[in-house]
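Residue 24 in full-length UniProt numbering is what sits at position 24 of the sequence shown, and the numbering runs on without skipping anything. We put the CB at the ideal spot given by N, CA and C, even for glycine.
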Amino acid sequence: MKIVLGITGSIAAYKAIYVLREFKKRGEDVYCVLTPEAKHFVSPLTLSVLSEHKIFDEPFATREDAIHISLANNDVVLVAPATYNIIGKITAGIADDLLTSIVAATTNPVVLAPAMNPNMWYNPIMQNNIKELRELGYFIVEPEEGETACGDKGRGRLPEPHEIVDYVYNVVRESSSLCGAKILVTTGRTEEYIDPVRLITNRSSGLMGYEIAEEAKRRGASVTLVKGATDFPLPGGVRIHNARELKEILLNSLDVNDIVIMAAAVSDFRPRAVSDSKIKRNRQGLTLELEATDDILVELRERGEDKMLVGFCVESENLIEKAKKKLSKKSLDMIVANPTSVVGSKNTKFSIIGKNGNVQDYSEMSKREAAGVILDEVSSLWEKRRGKGEE
Numbered sequence: 001m002k003i004v005l006g007i008t009g010s011i012a013a014y015k016a017i018y019v020l021r022e023f024k025k026r027g028e029d030v031y032c033v034l035t036p037e038a039k040h041f042v043s044p045l046t047l048s049v050l051s052e053h054k055i056f057d058e059p060f061a062t063r064e065d066a067i068h069i070s071l072a073n074n075d076v077v078l079v080a081p082a083t084y085n086i087i088g089k090i091t092a093g094i095a096d097d098l099l100t101s102i103v104a105a106t107t108n109p110v111v112l113a114p115a116m117n118p119n120m121w122y123n124p125i126m127q128n129n130i131k132e133l134r135e136l137g138y139f140i141v142e143p144e145e146g147e148t149a150c151g152d153k154g155r156g157r158l159p160e161p162h163e164i165v166d167y168v169y170n171v172v173r174e175s176s177s178l179c180g181a182k183i184l185v186t187t188g189r190t191e192e193y194i195d196p197v198r199l200i201t202n203r204s205s206g207l208m209g210y211e212i213a214e215e216a217k218r219r220g221a222s223v224t225l226v227k228g229a230t231d232f233p234l235p236g237g238v239r240i241h242n243a244r245e246l247k248e249i250l251l252n253s254l255d256v257n258d259i260v261i262m263a264a265a266v267s268d269f270r271p272r273a274v275s276d277s278k279i280k281r282n283r284q285g286l287t288l289e290l291e292a293t294d295d296i297l298v299e300l301r302e303r304g305e306d307k308m309l310v311g312f313c314v315e316s317e318n319l320i321e322k323a324k325k326k327l328s329k330k331s332l333d334m335i336v337a338n339p340t341s342v343v344g345s346k347n348t349k350f351s352i353i354g355k356n357g358n359v360q361d362y363s364e365m366s367k368r369e370a371a372g373v374i375l376d377e378v379s380s381l382w383e384k385r386r387g388k389g390e391e
């Protein structure tokens, strides 16, 4: 999940460091944007090291690029702490610095965590601003009761970092079109045995499907993970070993799911006969007779015409051409095309192809980031599909 963390000039700004750490512990991608006053309270270097990104703290007028637009392309904007001043500017529609420009440009949820003196919090102007912002669709983390930095007691303290983070996750879940959707994700690799010790398999690690499943959960979906062999332990999920078992599980689970994301690497072939004992080496060599495994996605489409199906394609040459053929042949809603070079790696580069044949190319990124990109597309398609169903 891509998060913009806006930090303003408040004594409570130090808590933003702990908010950042909480998000990073959960594997999120966080970009910190500081107002000029915030640098008096928190070190940009500390935030840069913890976020693993450069810090955006220059005056907006000195920038020649459209960084406010690229940062507006996020999953959520969190302003913590949000001062009396920044809340007033946002309410008035003022966008005279980088942070307020990002807030103005984003179409995704904006969460404000106010922190100020109790008298400022209860000021009628502030209360009217909060009321107006809520009506406009902004999310407000209510400040807590307690002693503030100035020594006054009352409502105005910034909530604890874990409470702010949990609030943001709830907002993202409730705002996502995937909230409540039932998604079945497959991951890992199948194994087709030749004899008790040898098998036909591939180099898929299972990381891509796992990241997709985790991201879907964060977006509020009900996720079933079906996993083959993986390079690392995966908690939960349904374990399968070969293509037959995978097909059986998917066909039996299809009716209770809305979306199937087929990230597992399924063997195209299996031995026609499996030896009960280890095959001995001999000088004459060995002829291994293979047969094609069933095309699971084709059968899923035949069984579930109303289901949303997302496939993956891995090719060493003519990637886009072959991915388009697979998309059409299997009547998929979307396909993710990968070169063979990314199989088994931590990073990936890929293309997403929709039903209409449009191709979107993405350069190298982590598989966690890729999961967010893929689910953005899935979410968009799902929202359109639901809209048609409600008409």
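Q: Go ahead and pull the three-state DSSP assignment for residue 193.
A: Within the sequence shown, residue 193 is the residue found at index 193, counting from 1. Of the three classes helix, strand and coil, the one that applies to residue 193 here is strand, per DSSP.
Q | Top-ranked residue by Cα proximity to residue 57, from 231, 36 and 41 | A | Looking up residue 57 in the sequence shown gives position 57. Comparing C-alpha distances from residue 57 to each of 231, 36 and 41 shows the shortest one belongs to 36.
Q) Ends of the alpha helix (DSSP H) at residue 166? A) For this step, residue 166 is matched to residue 166 along the sequence shown. Its alpha helix (DSSP H) spans residues 161–175.
**Q.** Same chain, Cβ closer than 8 Å to residue 20, five either side skipped, listed in chain order
**A.** To locate residue 20, count along the sequence shown from 1; it is residue 20. Only 5, 30, 32, 47, 50 and 51 meet the Cβ criterion.
Q | For residue 290 and residue 361, the rounded distance between their alpha carbons | A | Counting from one through the sequence shown, the residue named residue 361 turns up at place 361. Counting from one through the sequence shown, the residue named residue 290 turns up at place 290. Rounded to whole angstroms, residue 361 to residue 290 spans 35 Å at the Cα level.
Q) When DSSP builds the beta bridges, which residues end up paired with residue 334? A) Locating residue 334 in the sequence shown gives position 334, counting from the first residue. 310 and 354, per the DSSP bridge assignment.
**Q.** Where residue 61 falls: helix, strand or coil (DSSP)
**A.** Taking the first residue of the sequence shown as position 1, residue 61 is located at position 61. Low per-residue confidence applies at residue 61: pLDDT is 46, beneath 50, and the placement is therefore not dependable enough to give any value.
**Q.** Straight-line Cα distance separating residue 247 from residue 3
**A.** Looking up residue 3 in the sequence shown gives position 3. Looking up residue 247 in the sequence shown gives position 247. Between residue 3 and residue 247, the C-alpha separation is close to 37 Å.
Q. In the structure shown, what three-state DSSP assignment does residue 6 receive?
A. Indexing the sequence shown from 1 puts residue 6 at position 6. Here residue 6 carries a strand assignment [DSSP, helix/strand/coil].
Q) Measuring CB to CB, does residue 83 end up less than 8 Å from residue 126? A) Locating residue 83 in the sequence shown gives position 83, where the first residue counts as 1. Locating residue 126 in the sequence shown gives position 126, where the first residue counts as 1. No, the pair does not count as a contact, with Cβ atoms beyond the cut-off.
Q. Are there 16 or more other CB atoms within 10 angstroms of the CB of residue 350, so buried, or fewer, so exposed?
A. The sequence position of residue 350 within the sequence shown is 350, counting from 1. Classification of residue 350: buried, given that the 10 Å Cβ count is 16 or more.
Q: Measure the alpha-carbon distance for residue 243 versus residue 73 and round it to whole angstroms.
A: Here residue 243 is taken as the residue at index 243 of the sequence shown, counted from 1. Here residue 73 is taken as the residue at index 73 of the sequence shown, counted from 1. If I take the Cα positions, the gap works out to 39 Å.
Q) Would residue 75 be called buried (16 or more neighbouring beta carbons within 10 Å of its own) or exposed? A) Indexing the sequence shown from 1 puts residue 75 at position 75. Label assigned to residue 75: buried.
Q: Pull up the distance between the alpha-carbon of residue 197 and that of residue 227, whole angstroms please.
A: Residue mapping note: residue 197 aligns to position 197 of the sequence shown, counting from 1. Residue mapping note: residue 227 aligns to position 227 of the sequence shown, counting from 1. Rounded to whole angstroms, residue 197 to residue 227 spans 21 Å at the Cα level.
Q) Taking Cβ positions, are residue 158 and residue 80 nearer each other than 8 Å? A) As a working note, residue 158 is residue 158 in the sequence shown. As a working note, residue 80 is residue 80 in the sequence shown. Yes, the Cβ-Cβ distance between residue 158 and residue 80 is below 8 Å.
(Q) For the structure I just gave you, are there three or more beta carbon pairs, one from the region 303–311 and one from the region 268–286, closer than 8 Å? (A) no
Q | Nearest residue (CA-CA) to residue 359, options 309, 139, 77 and 324 | A | The sequence position of residue 359 within the sequence shown is 359, counting from 1. Nearest option by C-alpha distance: 324.
Q) Counting Cβ pairs, one atom from each stretch, are 3 or more of them under 8 Å apart for the region 268–278 and the region 221–241? A) no
Q. If you compare alpha carbons, which of 179, 160 and 334 is closest to residue 217?
A. Residue mapping note: residue 217 aligns to position 217 of the sequence shown, counting from 1. Taking only the C-alpha atoms, the option nearest residue 217 is 179.
Q | Inter-residue spacing [alpha-carbon to alpha-carbon] between residue 141 and residue 171 | A | The residue given as residue 141 occupies position 141 in the sequence shown. The residue given as residue 171 occupies position 171 in the sequence shown. Their backbone Cα atoms lie some 11 Å apart in a straight line.
Q | For residue 222: DSSP bridge partner residues | A | Looking up residue 222 in the sequence shown gives position 222. Bridge partners of residue 222: 182.
Q | Three-state secondary structure assigned by DSSP to residue 286 | A | Position 286 of the sequence shown, counting from 1, holds the residue named residue 286. Three-state result, residue 286: coil.
Q) Between the region 256–263 and the region 204–215, are three or more C-beta pairs nearer than 8 Å? A) yes
Q) Going along the chain, which residues of its own chain have a beta-carbon closer than 7 Å to the beta-carbon of residue 54, five neighbours each way excluded? A) In the sequence shown, residue 54 corresponds to position 54, counting from 1. Cβ within range, chain order: 48.
Q | Alpha-carbon spacing of residue 195 relative to residue 280, whole angstroms | A | To locate residue 195, count along the sequence shown from 1; it is residue 195. To locate residue 280, count along the sequence shown from 1; it is residue 280. Put simply, the backbone Cα of residue 195 is about 10 Å away from that of residue 280.
Q: Mind checking which residues open and close the alpha helix (DSSP H) that includes residue 247?
A: By 1-based counting over the sequence shown, the position of residue 247 is 247. Start and end: 243–253.
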